[in-house]
Each structure stands twice: as structure tokens, then as C-alpha cells.
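Note sheet for the following structure.
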Amino acid sequence: MSTTDAYVTTVSIIMGHISYSINIFTIIFGTIGGTCTLITYTAAQFRRNACVFYLLCANSFQMISIIVPVSIRALVGYLGDNLERQSLFFLLFISLLPHILMLILCLITFLHLKKNKKSRIAPTETVTRNSLMNRFEAQLSTILVSQTIVGAIFILIRVCSYEHSRDSSNFYAI
Numbered sequence: 003m004s005t006t007d008a009y010v011t012t013v014s015i016i017m018g019h020i021s022y023s024i025n026i027f028t029i030i031f032g033t034i035g036g037t038c039t040l041i042t043y044t045a046a047q048f049r050r051n052a053c054v055f056y057l058l059c060a061n062s063f064q065m066i067s068i069i070v071p072v073s074i075r076a077l078v079g080y081l082g083d084n085l086e087r088q089s090l091f092f093l094l095f096i097s098l099l100p101h102i103l104m105l106i107l108c109l110i111t112f113l114h115l116k117k118n119k120k121s122r123i124a125p126t127e128t129v130t131r132n133s134l135m136n137r138f139e140a141q142l143s144t145i146l147v148s149q150t151i152v153g154a155i156f157i158l159i160r161v162c163s164y165e166h167s168r169d170s171s172n173f174y175a176i
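Sequential numbering from 3 applies to the sequence shown in the numbering used here.
So this is what it looks like as C-alpha cells:
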């Protein structure tokens, strides 16, 4: 075995440990941060605010999106598989599950707030009330659309990066 092979072996072992450590740190600090946010949003003065309820649900799905995929990635890395033999559908499912749940939450929140919007807007003139309700619906629609677009862009970047790394590793393996 040459010195270069020994260096390559050492570097690959170190990189494996670094990847595993990053996953563990992400799980630990993500869970701690999410728990602190949950404690903050469940305080008595925030309980009746619809926006805080939305943020509380968003934080819950954020914690799910940290715990589930990163745990799977950490276990797969610890057990010795580097996901190159996994199908693209498995990886898409891991990536898409939290985003799909978040989109469903956005739609439920939008429908709930739209149904109860009359009680949320102070009694004023009919023209002003209609203007406020239209602005409220436009803001909710903007939030929903922008969140969907940004989530889709990040998923596409992740999938394209994965496919590029698979293609590059297969190209050099030939």
C-alpha cells in the first residue's frame, strides 16, 4: 500500500466521522432549538393569537423535518451505507414529507382563517371591512405561494445536487 492510498483511506474515514457528527449535532441542536421555540410559543400571552398558532405548527413540522430525515441519514451513515444504492424515490420521500405536511398545514390554516375572518376584523364600514378582508386574503395567499415556491426550489436543488454527485461518482468509477 502506497502512502497516497493510506492518505486517501485516512481522509475517507475522517470524512465519514465528520458527516456522522454533523448529523448528530443537527439532531441535538435542532431539537433543543425547536423545544425552546415550542416553550416560547406556548406561553399564556401567545395562546390566543392565530399567527403564533401557525408558527407553533410550523415549528412542529420543522422539528419533524429535522428529526426524521436527519435521523435516517445518521443511521444509514452509521450502518455503513452512503445512500448511493438507494433509489431516488426514497430520497425524494425523505425530503418531501416535511414540505408536504407544511403545505397541508398552510392550506388548513388558510381555510380556517378565511372561515373565521369576520370575527378577526374590527367592526368598521363595509367598504373598509371588505378592503381589509381582501388584503388579509392576499397576504395569506402570498405567504402560501412563496413558501411553496421556496420549498420546491430547495428540494430541486437538493435532488439535482444528489443526482450530480451520483453521476460524477459513476463517471470517475469507470
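Virtual Cβ for every residue (Gly too), placed ideally from N, Cα, C.
Note that the structure is predicted; figures quoted are calculated from it, not measured.
Candidates the options, of which the one nearest residue i by Cα
| i | options | result |
| --- | --- | --- |
| Phe156 | Ile68, Leu113, Thr12 and His101 | His101 |
| Ile68 | Ile41, Thr37 and Gln47 | Thr37 |
| Ile41 | Arg50, Leu158 and Leu58 | Leu58 |
| Ala60 | Val70, Arg137, Arg50 and Tyr43 | Tyr43 |
| Ile66 | Ala45, Ile29 and Thr12 | Ile29 |
| Phe91 | Ser14, Glu165, Thr5 and Thr12 | Glu165 |
| Leu77 | Thr6, Asn132, Ser14 and Ser23 | Ser23 |
| Leu94 | Ala45, Gly153, Thr130 and Arg137 | Gly153 |
Cβ-Cβ distance between residue i and residue j below 9 Å
| i | j | result |
| --- | --- | --- |
| Met104 | Phe63 | yes |
| Leu113 | Tyr56 | no |
| Val54 | Asn25 | no |
| Leu146 | Leu99 | no |
Close-in-space but distant-in-sequence residues of the same chain around residue i (CB under 6 Å, 5 per side omitted)
| i | result |
| --- | --- |
| Gln47 | none |
| Ile151 | none |
| Leu142 | Phe112 |
Limits of the alpha helix (DSSP H) - the one that residue i falls within
| i | result |
| --- | --- |
| Thr39 | Thr5 to Tyr43 |
Own chain partners of residue i with C-beta closer than 8 Å, once the 5 adjacent residues on each side are dropped
| i | result |
| --- | --- |
| Gln149 | Met104, Leu105 and Cys108 |
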